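Okay, so here's the structure we're looking at.
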């Protein structure tokens, strides 16, 4: 089952926004799937596994379409049977709520691949 975060809008950080600290993002992180980990209180990382390269590439393309639609772009690493994602809000130099919403949406996309 996907997180309710996946249904929330991806809202850009304001001009004076600051990155979330651990206390502020703890509940969001708890809602994400097991693929995600907060690294150095700065960014999210996930690794999704697939049975082959073709399926991993398809997922990568789906993530790319989502990123373009929301104008919130992760770093994506594609390899045989695996897709790695790094996500943070570059304009604030750390995590915002939008990063967790995008992560939840990626979890939802992954669920469509039958985990």
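Numbering (the working numbering), first residue to last: 2 to 116. Yeah, the Cβ is synthetic: ideal placement off N, Cα and C, and Gly gets one too. Predicted, not measured: the structure shown is a model, and the values here were computed from it.
Contact belief for residue i with residue j at Cβ below 8 Å, rounded distance in angstroms
i: residue 45; j: residue 104; result: 5 Å
i: residue 84; j: residue 114; result: Rounded, the Cβ-Cβ distance is 10 Å, inconsistent with contact.
i: residue 47; j: residue 86; result: 5 Å
i: residue 3; j: residue 112; result: 6 Å
Sub-9 Å separation of residue i and residue j beta-carbons
i: residue 95; j: residue 42; result: yes
i: residue 79; j: residue 107; result: no
i: residue 13; j: residue 73; result: yes
i: residue 24; j: residue 102; result: no
Alpha-carbon to alpha-carbon, residue j and residue i
i: residue 29; j: residue 92; result: 20 Å
i: residue 58; j: residue 98; result: 27 Å
i: residue 33; j: residue 39; result: 11 Å
i: residue 89; j: residue 100; result: 6 Å
i: residue 21; j: residue 11; result: 15 Å
i: residue 53; j: residue 110; result: 17 Å
i: residue 18; j: residue 27; result: 18 Å
i: residue 36; j: residue 76; result: 15 Å
i: residue 64; j: residue 51; result: 14 Å
i: residue 82; j: residue 15; result: 37 Å
i: residue 5; j: residue 60; result: 21 Å
What ranges does the alpha helix (DSSP H) occupy inside the region 50–90, keeping only unbroken runs of at least 4 residues that lie completely in it?
54–71
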